[in-house]
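A short write-up of the structure that comes next.
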Ligand code: GCO
């Protein structure tokens, strides 16, 4: 009852969070470069200008990955490094960087898993309306085609968009992430629709370059898990996981109280149902009413291009039970003083089992956990070690739940720990450390934390002794 033999043990990062070299070698500015310049947006006035300087240190980083024994590395490509204006002229040095990175990984026997978009939209495209512009699916297809034509001989696994819930919900609705807009719901839903079309057009572009490519999406979400394993509670948790709260539906049932309380678009089904099932969820259509943009069957056909797997970024969830009062579920508050990460996110390992099970039930695709991990108050001890025992315990508990899913026959393909290294945590700047590799931002010195050494053992034993 364990992980399959060729289970993919990996770690993940994203371009803006680690690369640095913000204006090096012809890279164009992206919305995060612009957002970070505005005082007050980022803690301590920080930015990703230098970050982990991965752009110059990728070889060293690939060597560290190899030391940990990673089988795979999930990274994202910076659109404006490759196309400084978002479309048109290609910056060949930008493309070379990813070419070299992929070669460095393959040399070490590490499979590259590429994410095409992890939030860093070219600023030039933002100035043309960004996700609100109906041309953006074509812009994204153009960029994807360039990347796929150059790299699909060596990259065999692709993700299109990382967490549209975040770059739309946080970026365009509540304005807490770049580009920091607070749009009307109808505009947000239009941007969402364009992002789904962009996903579909990218899938087509990758398949055109390489018919054997394996492609998935990487949405996120807050999975609900049942208080008990009765049918009623399990059903309540499933319903809660895929529900679509309506506009003004503040914090329904306490949902996501820990994360976001007022986002109509923070949910799984509105993004994932069109992709995997070819339709928006009825509940959302009813809740959003005439705010939903007009769309056609042809749109839905593009959006629901066949995929090979389902990736999910899972960090924290919420517990529910069947309701006795006519609601579909009740949230069960976590005990006072329960485990929280440094970011104050509840530790809820159950979601790796229930998330995999629910996503597989609903979408019927092999599952990758594309991100999971925690920020902790890590520092270098006097003797030079970084003893992040809470991260070890966290990952261990989550992986045990994931192993349960594997044992029950759910096709779980792989796990990407977030993150390979400490990095720029968006509006939090450098305060939240998620890495299994410690980064000293003054010297750029890397140091394996205890968790990296522990993870190396887990990988070597294929998760047998968790
Ligand atoms: C996300 C992103 C990552 C974050 C990580 C920790 O999930 O928000 O994919 O870029 O850094 O999740 O917050």
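Numbering (my numbering), first residue to last: 34 to 499.
The C-beta atom is built at its ideal place from N, Cα and C for all residues, glycine as well.
Because the structure is a prediction, the values reported are computed rather than measured.
field: Distance, residue 110 Cα to residue 146 Cα
entry: 11 Å
- request: Pull up the CB-CB distance for residue 492 and residue 449, whole angstroms please, since I reckon it's below 8 Å.
  value: Contact flag wrong, Cβ pair sits at about 12 Å.
- prompt: Between residue 460 and residue 215, which are expected to be in contact by the criterion C-beta below 8 Å, what is the C-beta distance as a whole number of angstroms?
  reply: Contact doesn't hold; Cβ gap of about 15 Å is too wide.
query: Does residue 395 have its Cβ less than 7 Å from a Cβ in chain D?
result: The chain inventory of the structure shown lacks chain D, comprising one protein chain alone.
Runs of beta strand (DSSP E) lying entirely within the region 97-125, each at least 3 residues, in chain order: 105-109
- request: Quick one: using the 10 Å Cβ neighbour count with 16 as the cut-off for buried, is residue 196 buried or exposed?
  value: buried
task: Report whether the distance from the Cβ of residue 196 to the nearest heavy atom of the ligand GCO is below 6 Å.
output: yes
message: Quick check: is any heavy atom of the ligand GCO less than 6 Å from the C-beta of residue 137?
response: no
field: Between the CA atoms of residue 44 and residue 453 - distance to the nearest angstrom
entry: 5 Å
task: For residue 282, name the three-state secondary structure that DSSP assigns.
output: Bear in mind that the predicted position of residue 282 carries a pLDDT of just 48, short of 50, making it unreliable; the figure below should be weighed with that in mind. Note: residue 282 maps to coil in three-state DSSP.
Option nearest residue 457 by Cα separation, candidates 327, 362, 53: 53
field: Range covered by the beta strand (DSSP E) that runs through residue 345
entry: 342-346
field: Beta-ladder partner(s) of residue 363, from DSSP
entry: The partner list for residue 363 (beta bridge, DSSP) reads 354.
- request: Return the first residue and the last residue of the beta strand (DSSP E) that residue 445 is part of.
  value: 445-451
task: Note down, in chain order, each residue of its chain lying with its Cβ closer than 6 Å to the Cβ of residue 98, except the 5 sequence neighbours on either side.
output: Once the five neighbours on either side are set aside, the close Cβ partners of residue 98 are 106, 143.
message: Suppose only complete runs of 3+ residues qualify. What are the beta strand (DSSP E) ranges in the region 208-240, listed by chain order?
response: Those beta strand (DSSP E) runs which fall completely within the region 208-240 and span 3+ residues do not exist here.
field: Nearest-angstrom Cα separation, counted from residue 317 out to residue 361
entry: When rounded, the distance between both Cα atoms is 16 Å.
- request: Leaving out five residues on either side along the sequence, give the residues of the same chain with a beta carbon under 6 Å from the beta carbon of residue 66.
  value: 55
- prompt: Comparing alpha-carbon positions, which option in 355, 426, 126 lies nearest residue 259?
  reply: 355
- prompt: With burial defined as no fewer than 16 other Cβ atoms inside 10 Å of the residue's Cβ, what is the status of residue 487: buried or exposed?
  reply: With 16 or more Cβ atoms within 10 Å of its Cβ, residue 487 is classed as buried.
message: For residue 482, which residues in the same chain have their Cβ closer than 6 Å to its Cβ, ignoring the five residues on either side in sequence?
response: 419, 421, 469, 471
message: Using only the alpha-carbon positions, how far apart do residue 170 and residue 371 sit?
response: 43 Å
message: For residue 437, list the residues DSSP reports as bridge partners.
response: DSSP output for residue 437 lists no bridge partner at all.
message: Is the beta carbon of residue 431 closer than 7 Å to that of residue 405?
response: Closer than 7 Å, so yes.
- request: Within the same chain, show all residues whose beta-carbon is closer than 7 Å to that of residue 494, passing over the 5 residues directly before and after it, in chain order.
  value: So no residue of the chain qualifies.
query: Taking one C-beta from the region 235-249 and one from the region 173-181 each time, how about it: are there three or more such pairs within less than 8 Å?
result: yes
- request: Would you kindly work out how many angstroms separate the C-alpha atoms of residue 253 and residue 58, rounded to a whole number?
  value: If you draw a straight line from the Cα of residue 253 to the Cα of residue 58, it comes to about 33 Å.
- request: Please classify residue 327: is it buried, with 16 or more other beta-carbons within 10 angstroms of its beta-carbon, or exposed?
  value: exposed
field: residue 31 versus residue 70 - alpha carbon distance
entry: Limits of the chain in this structure are 34 at one end and 499 at the other, which puts residue 31 out of reach.
For residue 325 and residue 312, the rounded distance between their alpha carbons: 13 Å
message: Could you check if residue 451 belongs to the surroundings of the ligand GCO, using beta carbon to heavy atom distance under 6 Å?
response: Judged by the Cβ position, residue 451 qualifies as a neighbour of the ligand GCO at the 6 Å threshold, a heavy atom of the ligand being closer than this.
- prompt: How about the region 215-235 and the region 326-346: do they share at least three Cβ pairs that are nearer than 8 Å?
  reply: yes
query: Which residue spans inside the region 143-205 form an unbroken alpha helix (DSSP H) run of at least 4?
result: 156-159, 169-184
query: Is residue 476 helix, strand or coil when you go by DSSP?
result: coil
- prompt: Does at least one heavy atom of the ligand GCO sit under 6 Å from the Cβ of residue 300?
  reply: no
field: Exposed unless 16 or more other CB atoms sit within 10 angstroms - verdict on residue 63
entry: buried
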